[in-house]
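Line by line, the protein sequences are chains A and B. Counting from 1, one number per residue, gives the positions in the first sequence under my numbering. Counting from 1001, one number per residue, gives the positions in the second sequence under my numbering. By construction, the Cβ of each residue, glycine as well, lies at the ideal position given by its N, Cα and C atoms. Because the structure is a prediction, the values reported are computed rather than measured. Notes for the one structure printed next.
2 protein chains.
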Amino acid sequence: MSENVGRWLRDEIENSILSNEFSPGERLDETVLATRFGVSRTPVREALMQLDAIGLIEIRPRRGAIVIDPGPHRVYEMFEVMAELEGLAGSLAARRLDKASREAITATHSRCEQSAAAGDSDAYYYDNEEFHKAIYAAGRSDFLEEQCLQLHRRLRPYRRLQLRVRNRLSTSFSEHCAIVDAIFAGDGDAARRLLRGHVGIQGERFSDLVASMAAR
Amino acid sequence: MSENVGRWLRDEIENSILSNEFSPGERLDETVLATRFGVSRTPVREALMQLDAIGLIEIRPRRGAIVIDPGPHRVYEMFEVMAELEGLAGSLAARRLDKASREAITATHSRCEQSAAAGDSDAYYYDNEEFHKAIYAAGRSDFLEEQCLQLHRRLRPYRRLQLRVRNRLSTSFSEHCAIVDAIFAGDGDAARRLLRGHVGIQGERFSDLVASMAAR
DNA sequence: GTCAACAATCGTGTATACAAGAATAGCATT
DNA sequence: AATGCTATTCTTGTATACACGATTGTTGAC
Chain A
1 MSENVGRWLR DEIENSILSN EFSPGERLDE TVLATRFGVS RTPVREALMQ
51 LDAIGLIEIR PRRGAIVIDP GPHRVYEMFE VMAELEGLAG SLAARRLDKA
101 SREAITATHS RCEQSAAAGD SDAYYYDNEE FHKAIYAAGR SDFLEEQCLQ
151 LHRRLRPYRR LQLRVRNRLS TSFSEHCAIV DAIFAGDGDA ARRLLRGHVG
201 IQGERFSDLV ASMAAR
Chain B
1001 MSENVGRWLR DEIENSILSN EFSPGERLDE TVLATRFGVS RTPVREALMQ
1051 LDAIGLIEIR PRRGAIVIDP GPHRVYEMFE VMAELEGLAG SLAARRLDKA
1101 SREAITATHS RCEQSAAAGD SDAYYYDNEE FHKAIYAAGR SDFLEEQCLQ
1151 LHRRLRPYRR LQLRVRNRLS TSFSEHCAIV DAIFAGDGDA ARRLLRGHVG
1201 IQGERFSDLV ASMAAR
């Protein structure tokens, strides 16, 4: 547990939302949460205020908190921004790559290769995250890295859905290969372009997303 | 005043930080703030939790809240991300421009022209904001617009410093002209590139920023 | 004279109490 | 039977009280 109850609750409720334990639109009753976690309402409220500030829930004055439902269109917009930020991270990584980052990217990349070869989508889901995080870090921009990590977290559930789509695993991995080549070659523009294409959800991939969101 | 004291306090403290009334590194004492605003500590704490979540302050457990000091390097990173997001907004605006957005951009653009011609840097500061906001809105991506507005707010004080630099006013306005042309011509790539250049602080503009930050 | 240990004080973290607004159910009226 | 008004209940918003950890100042020993 974190150092104070408020933060712990924030993480706990955030995870519950992101793992769809609290569904979008659901009302979060302060008293219920307080008794459920065995604390008073005070730290619960503090956690909710923070989640409101992050944008995960909405607190309507005097009418309680509800989990925000992004809806397919907004999720698309979030992926669009994510693509842009990752593109920037990639182009910076290509320019600033050092030995440690290079090794981190290589390591996570080969782990992706193994999971993809094994067809293990759960393992790939995890390794893929680490691969992208290695690129954020390689960009050597703390602020950009934070922004990327935050958006990444929020988009987590939807990423997972996407990997379920047929052939997405091998397609994703071959895109990774091209991205790694561009970064290692120091070609920032190519890295940017490839990452934008890899992360964004154009055309049919958007329909896939809508379909899998509707399926829940 | 907002509907509840917590939100009102959040805005109030946020403005105080952004207008440098609370300087970076300064400690924010809950009791002091509470008496100053004539409320109890509870809403003050809620406001602080939110500001912590946004990233404006840092709450160290049991040791109080301090205003975050970004430092020149981090401010540079923030402008880098801002440039990327504005670039995306511009490219979307070029593609999706409709009549209302076109008129909004034209209106704010010509207001910038007047302030620039008058050499009124305070007026230009305000009109410039509206111009950029018009572009965010023209992109027709709610999420992107929100992100842009949020970052824009945080960078506000530094933007203001930049305008003080000699000749920056007329340079800025001529860059605006090129941006408007690109958007109106439907040239997304050009709009993206021009906005990235306009917003980012490369080369000597970074030294200007450092100098003006040190001057305070 | 310096450093360490202990005590006192100050400020944060959590719980609880109370007030006020919103939701709801019941009653009356058409 | 349906709709509108009222009263009750339930939940949120704010204040206050209390406990615990951190900071600081003082005293004593080396």
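- Counted as a single uninterrupted DSSP element, the beta strand (DSSP E) harbouring R1060 of chain B occupies residues I1057 to R1060.
- The segment 130-148 of chain A and the segment 81-92 of chain A touch, with three or more beta-carbon pairs separated by less than 8 Å.
- Within the same chain, and ignoring the five residues on either side of R45 of chain A in sequence, the residues whose Cβ sits closer than 7 Å to its Cβ are E30.
- Residue ranges of uninterrupted alpha helix (DSSP H) with 4 or more members, entirely inside the segment 1064-1116 of chain B and ordered along the chain, are 1071-1096.
- In this structure V199 of chain A is in contact with E86 of chain A, their Cβ atoms being roughly 5 Å apart against a cut-off of 8 Å.
- For the segment 71-82 of chain A, the residues whose beta carbon sits under 8 Å from a beta carbon of chain B are, in order, R74, E77, M78, E80 and V81.
- Under DSSP, R27 of chain A forms a beta bridge with A:I66.
- Sequence-distant Cβ neighbours of R96 of chain A in its own chain, meaning closer than 8 Å and more than five residues away, are A138, G139 and R140.
- When secondary structure is reduced to three states using DSSP, F1143 of chain B falls in the helix class.
- The Cβ-Cβ distance between A191 of chain A and I201 of chain A does not fall below 8 Å.
- Taking every protein chain shown into account, the CB of Q50 of chain A has 16 or more other CB atoms within 10 angstroms, so this residue is buried.
- Counting only residues of its own chain and dropping the five nearest sequence neighbours on each side, E130 of chain A has a CB closer than 8 Å to the CB of T108 and R111.
- Separation of the CB atoms of L1092 of chain B and Y1125 of chain B is rounded to 25 Å, and the pair is thereby denied contact status at 8 Å.
- One Cα belongs to Q1114 of chain B, the other to H1132 of chain B, and the distance between them is close to 16 Å.
- Per DSSP, the unbroken alpha helix (DSSP H) holding S16 of chain A starts and ends at V5 to L18.
- The C-beta of A1065 of chain B has 16 or more other C-beta atoms within 10 Å across all chains shown, which makes the residue buried.
- Comparing C-alpha distances from D1187 of chain B to each of B:L1088, B:V1210, B:D1142 and B:P1061 shows the shortest one belongs to B:L1088.
- In the pairwise beta carbon analysis, the segment 33-41 of chain A is classified as not touching the segment 202-210 of chain A: fewer than three pairs are separated by under 8 Å.
- Here D208 of chain A carries a helix assignment [DSSP, helix/strand/coil].
- If you draw a straight line from the Cα of P72 of chain A to the Cα of Y158 of chain A, it comes to about 10 Å.
- Cβ atoms of A53 of chain A and R10 of chain A stay farther apart than 8 Å, at about 10 Å.
- Around the beta-carbon of D142 of chain A, fewer than 16 other beta-carbon atoms lie within 10 Å, marking it exposed.
- Counting only residues of its own chain and dropping the five nearest sequence neighbours on each side, N20 of chain A has a CB closer than 8 Å to the CB of P157 and R216.
- Less than 8 Å separates the beta-carbon of G90 of chain A from that of L195 of chain A.
- Interface annotation, P1157 of chain B: not in contact with chain A, CB-CB separation never under 8 Å.
- A:C177 is the residue among A:A214, A:G119, A:E58 and A:C177 whose C-alpha sits nearest the C-alpha of T106 of chain A.
- Annotated three-state conformation of V39 of chain A is coil, per DSSP.
- Interface residue (Cβ-Cβ distance to chain A less than 8 Å): L1144 of chain B is classified as such.
- Excluding its 5 nearest sequence neighbours in each direction, R1041 of chain B has C-beta neighbours in its own chain below 7 Å: E1030, T1031 and A1034, listed in chain order.
- L1195 of chain B is outside the set of residues whose beta carbon lies under 8 Å from a beta carbon in chain A.
- Within the same chain, Cβ atoms closer than 6 Å to the Cβ of P43 of chain A are found at V5, G6 and L9, the five residues on either side in sequence being excluded.
- Here the alpha carbon of R160 of chain A sits roughly 17 Å from the alpha carbon of D69 of chain A.
- Inclusion of L1169 of chain B and A1116 of chain B in the CB contact set at 8 Å is warranted, their separation being smaller than that value.
- Of all residues in the segment 1008-1027 of chain B, only R1010 come within less than 9 Å of chain A when Cβ atoms are compared, listed by chain position.
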